[in-house]
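**Student:** Residue numbers (this note's numbering): 6 to 563. Below is a structure I'd like to ask you about.
Dropping the structure here:
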């Protein structure tokens, strides 16, 4: 009978797992694994429905998540780093197919890891996670020579779910190494966005006896109700202890909404207190604390949505003249002043970006002798058919400049990225035909940097395309750059300068020295035989530089 056949198939799968000598079976959907390897590998199929899995260790916290375990051939494999559990027995309880559960196995290698970072559409110099979904950057902080990037992550699927904080570190903002998962869902809910600080003054009382300051993470606990929580680490973010007094802020009743999330915390030296900027309902609220545990509401400003930021920036590079900038997830910002309790804008909201960028955050704890304000934004880009989704855009320095229209925020890739580029062509005063002759030799390069200044002359529409997709598209009649209004600071200028970063299946573009930027995913299904093509009526390319790019994953070994 069919039932008998299915039972036999299930027993065969379980027998195969037992043959590895590391698995015992309590029942069809309950597997025990004594951890002797670094990873547990999970087969994923998007033909399968999501089912709940619990991963538990005696005496430890139970982790619950949903996953699409494959009964047949998986679309890809995801994994969980269990190196910290060696010698312990992990119980996996699954409310789906026992056959699918039997395919889960442990190994010292990630399943499919031999092709890691070599996948067809994997960006080569933008950060992407090894497996699964990523979105908002969280807890950006510099500490002891390392930049720490925490981020929203579903480790078990390439779609949004199971929000954890994942963790990657870098010494140069360019080459990143993924660490084990940092924060896991708990009884208060999944782990939404937030920030991190170094508590040098031991204000929370968590610093070690040897003087090691605590790295304290603030995040939103989301389980129907959104509330604010925190955790601390004494080993540079490798392991965290959640505060027993969580949640530290529960304001959903006050605001009559669940939209209370994404705490950004920083030290305000003039007032000798901590500041939290928190998105609540229709804008950003400001709270103060002296011990990181007890917070007092101070003020609220409307007109922002999600992922608040508030930071101080030098005007025209003058450290003696600074202004405060507040922004939200969409990239809109206000320039103004801040007294530690209230942000007062000088004028209306502005915006200097478009495209895939969202939920940018700036690094805390950048050394004073560096002086830069550095942000990273999530690139909302889908990588078709890949075992990962989403990316981080290039790290960018934030600067304020006086313009004819007043103070404006500019964003430029940090100087550290220059190590990746080698100039292979430079020319000036080229006709469109001459420029296209130059670019023809790069038609097969989908990882490239192109710097150019175009003189539009008679053209009302001009730009640069790749495989039929318009990467730079400037309409002078409507002053629209890739569909959005943009006008240079020079009235009546016919020039447009663009710094174009092509990265396999995505592009990031910085215009006029970073006064405007945008990013996009590329149409990987395009059948166009065209490579890089300039178009426009009688345009001139006043300057053109082309750079080859070195992959940040060169030499990577799992």
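Every residue gets a Cβ at the ideal spot worked out from N, C-alpha and C, and that includes glycine. Keep in mind it's a predicted model, so treat the numbers as computed, not measured.
Please state whether the Cβ-Cβ distance between residue 369 and residue 219 is less than 8 angstroms.
**Tutor:** For this step, residue 369 is matched to residue 364 along the chain shown. For this step, residue 219 is matched to residue 214 along the chain shown. The answer is no: Cβ separation not under 8 angstroms.
**Student:** Nearest CA to the CA of residue 311: which residue from 347, 360, 231 and 329?
**Tutor:** Looking up residue 311 in the chain shown gives position 306. For the residues 347, 360, 231 and 329, the minimum Cα distance to residue 311 belongs to 231.
**Student:** Can you check DSSP and say which residues form a bridge with residue 5?
**Tutor:** Since the first residue shown for the chain is 6 and the last is 563, residue 5 is missing from the structure and cannot be characterised.
**Student:** On the DSSP bridge list, what partners appear for residue 98?
**Tutor:** Counted from its first residue, the chain shown places residue 98 at position 93. Under DSSP, residue 98 forms a beta bridge with 35 and 59.
**Student:** So the candidates are 309, 288 and 493; which of them puts its Cα closest to the Cα of residue 481?
**Tutor:** Within the chain shown, the letter at position 476 stands for residue 481. It is 493.
**Student:** What do you get for residue 26, buried or exposed, if any count of 16 or more other CB atoms within 10 angstroms of its CB means buried?
**Tutor:** Stepping through the chain shown from its first residue, residue 26 is reached at position 21. Annotation note: pLDDT 36 at residue 26 (below 50); position unreliable, coordinate value reported separately. Classification for residue 26: exposed.
**Student:** Please look up how many angstroms separate the CB atoms of residue 94 and residue 38, rounded, as I've assumed it's under 8 angstroms.
**Tutor:** In the chain shown, the residue the question calls residue 94 occupies position 89. In the chain shown, the residue the question calls residue 38 occupies position 33. Rounded, the Cβ-Cβ distance is 7 angstroms, consistent with contact.
**Student:** What's the gap between the Cα of residue 360 and the Cα of residue 54?
**Tutor:** Residue mapping note: residue 360 aligns to position 355 of the chain shown, counting from 1. Residue mapping note: residue 54 aligns to position 49 of the chain shown, counting from 1. A direct Cα-Cα distance of roughly 32 angstroms separates residue 360 from residue 54.
**Student:** Mind checking residue 205: buried by the 16 CB within 10 Å criterion, or exposed?
**Tutor:** Position 200 of the chain shown, counted from the first residue, corresponds to residue 205. Counting Cβ neighbours within 10 Å, residue 205 comes out exposed, since fewer than 16 surround it.
**Student:** Can residue 133 and residue 426 be called in contact, C-beta distance under 8 angstroms?
**Tutor:** For the purposes of this step, residue 133 is taken as residue 128 along the chain shown, with counting starting at 1. For the purposes of this step, residue 426 is taken as residue 421 along the chain shown, with counting starting at 1. Not closer than 8 angstroms, so no.
**Student:** Keeping to the same chain, check which residues put their C-beta closer than 6 angstroms to that of residue 290; ignore five residues upstream and five downstream.
**Tutor:** Start at 1 with the first residue of the chain shown, and residue 290 comes out as number 285. Taken in chain order, the residues that qualify are 283 and 305.
**Student:** Only counting the same chain, and skipping five residues up and downstream in sequence, which positions put a Cβ closer than 7 angstroms to that of residue 137?
**Tutor:** Against the chain shown, residue 137 aligns to sequence position 132. Within the same chain, residue 137 has close Cβ partners 83, 158, 159, 160, 161, 162, 163 and 393.
**Student:** Rounded to whole angstroms, what is the Cα-Cα separation between residue 182 and residue 172?
**Tutor:** Taking the first residue of the chain shown as 1, we reach residue 182 at position 177. Taking the first residue of the chain shown as 1, we reach residue 172 at position 167. Looking at the two C-alpha atoms, the distance is approximately 9 angstroms.
**Student:** Just the Cα atoms here: how many angstroms apart are residue 239 and residue 376?
**Tutor:** Here residue 239 corresponds to residue number 234 of the chain shown, with the count starting at 1. Here residue 376 corresponds to residue number 371 of the chain shown, with the count starting at 1. Approximately 26 angstroms, taken between the alpha carbons.
**Student:** Applying the 10 Å Cβ sphere with the 16-neighbour rule, what's the burial state of residue 546?
**Tutor:** As a first step, residue 546 is located in the chain shown; it is residue number 541 there, counting from the start. It counts as buried.
**Student:** Can you find the residues in the same chain that come closer than 6 angstroms, C-beta to C-beta, to residue 294, ignoring five residues on each side of it along the sequence?
**Tutor:** For the purposes of this step, residue 294 is taken as the residue at position 289 of the chain shown. The answer, listed in chain order, is 279 and 300.
**Student:** Could you give the distance in angstroms between the alpha-carbon of residue 52 and the alpha-carbon of residue 363?
**Tutor:** By one-based count along the chain shown, residue 52 stands at place 47. By one-based count along the chain shown, residue 363 stands at place 358. Straight-line Cα distance between these residues: approximately 30 angstroms.
**Student:** If you draw a straight line from the C-alpha of residue 194 to the C-alpha of residue 224, how long is it?
**Tutor:** Locating residue 194 in the chain shown gives position 189, where the first residue counts as 1. Locating residue 224 in the chain shown gives position 219, where the first residue counts as 1. Taking the straight line from one Cα to the other gives about 11 angstroms.
**Student:** If I'm right that residue 296 touches residue 236 with Cβ under 8 angstroms, what's the distance once you round it to whole angstroms?
**Tutor:** By one-based count along the chain shown, residue 296 stands at place 291. By one-based count along the chain shown, residue 236 stands at place 231. Contact flag wrong, Cβ pair sits at about 15 angstroms.
**Student:** Whole-angstrom Cβ separation of residue 537 and residue 469, contact assumed at under 8 angstroms?
**Tutor:** Along the chain shown, one-based indexing puts residue 537 at 532. Along the chain shown, one-based indexing puts residue 469 at 464. Yes, they are in contact, since the Cβ atoms of residue 537 and residue 469 sit about 7 angstroms apart, within 8 angstroms.
**Student:** From this set, 207, 111 and 401, which residue's C-alpha is nearest residue 44's C-alpha?
**Tutor:** By 1-based counting over the chain shown, the position of residue 44 is 39. Measuring from the Cα of residue 44, the nearest candidate turns out to be 111.
**Student:** Can you round the beta-carbon distance between residue 491 and residue 516 to whole angstroms, since I take them to be within the 8 angstroms contact cut?
**Tutor:** The residue labelled residue 491 in the question sits at position 486 within the chain shown. The residue labelled residue 516 in the question sits at position 511 within the chain shown. Sure, about 7 angstroms apart at Cβ, within 8 angstroms.
**Student:** Starting from residue 437, trace the alpha helix (DSSP H) both ways and give me its first and last residue.
**Tutor:** The sequence position of residue 437 within the chain shown is 432, counting from 1. Start and end: 437–445.
**Student:** Mind checking residue 127: buried by the 16 CB within 10 Å criterion, or exposed?
**Tutor:** As a working note, residue 127 is residue 122 in the chain shown. It counts as buried.
**Student:** From the DSSP output, in three-state form, read off residue 268 for me.
**Tutor:** Here the question's residue 268 lines up with position 263 in the chain shown. Three-state DSSP puts residue 268 in a strand.
**Student:** Could you check whether residue 413 and residue 355 sit closer than 8 angstroms to each other, using their CB atoms as the reference points?
**Tutor:** The residue you call residue 355 lines up with position 350 of the chain shown. The residue you call residue 413 lines up with position 408 of the chain shown. Contact flag set, yes.
**Student:** Give the straight-line distance between the Cα atoms of residue 333 and residue 308, rounded to the nearest whole angstrom.
**Tutor:** On the chain shown, position 328 is the one that residue 333 refers to. On the chain shown, position 303 is the one that residue 308 refers to. Each residue's Cα considered, the two are about 9 angstroms apart.
**Student:** Which term fits residue 411, buried or exposed, when burial requires 16 or more other beta carbons within 10 angstroms of its beta carbon?
**Tutor:** Here residue 411 refers to the residue found at position 406 when the chain shown is read from its first residue. Residue 411 is exposed by the Cβ-count criterion.
**Student:** Helix, strand or coil: how does DSSP classify residue 73 here?
**Tutor:** As a first step, residue 73 must be located in the chain shown, where it is residue number 68. Of the three classes helix, strand and coil, the one that applies to residue 73 here is coil, per DSSP.
**Student:** Assuming residue 102 and residue 80 form a contact by the criterion Cβ under 8 angstroms, report the distance between their Cβ atoms to the nearest whole angstrom.
**Tutor:** Taking the chain shown and counting its residues from 1, one reaches residue 102 at position 97. Taking the chain shown and counting its residues from 1, one reaches residue 80 at position 75. No, residue 102 and residue 80 are not in contact; Cβ-Cβ is about 16 angstroms, not under 8 angstroms.
**Student:** Taking 6 angstroms as the limit between beta carbons, can you name the residues of its chain near residue 156, skipping five residues before and five after?
**Tutor:** Within the chain shown, the letter at position 151 stands for residue 156. If we look at residue 156 and ignore the five residues flanking it on each side, its Cβ neighbours are 139, 142, 143 and 171.
**Student:** For residue 180 and residue 512, what's the separation of their Cα atoms in angstroms?
**Tutor:** Indexing the chain shown from 1 puts residue 180 at position 175. Indexing the chain shown from 1 puts residue 512 at position 507. Those two C-alpha atoms are separated by around 19 angstroms.
**Student:** Does the beta-carbon of residue 105 have 16 or more other beta-carbons within 10 angstroms, so that it is buried, or is it exposed?
**Tutor:** Within the chain shown, residue 105 is the residue found at index 100, counting from 1. Residue 105 sits buried, since 16 or more C-beta atoms from the chains shown fall within 10 Å of its C-beta.
**Student:** Between 319, 187, 276 and 266, which lies nearest to residue 247 when the distance is taken from Cα to Cα?
**Tutor:** For the purposes of this step, residue 247 is taken as residue 242 along the chain shown, with counting starting at 1. The residue with the shortest Cα to Cα distance from residue 247 is 187.
**Student:** Enumerate in chain order the residues of its own chain whose CB-to-CB distance from residue 474 is below 7 angstroms, with the five nearest sequence positions on each side excluded.
**Tutor:** As a first step, residue 474 must be located in the chain shown, where it is residue number 469. For residue 474, where only same-chain residues beyond five positions count, the Cβ hits under 7 angstroms are 527, 528 and 531.
**Student:** Between residue 168 and residue 196, is the Cβ-Cβ spacing less than 8 angstroms?
**Tutor:** For the purposes of this step, residue 168 is taken as residue 163 along the chain shown, with counting starting at 1. For the purposes of this step, residue 196 is taken as residue 191 along the chain shown, with counting starting at 1. Yes, Cβ-Cβ distance for residue 168 and residue 196 is below 8 angstroms.
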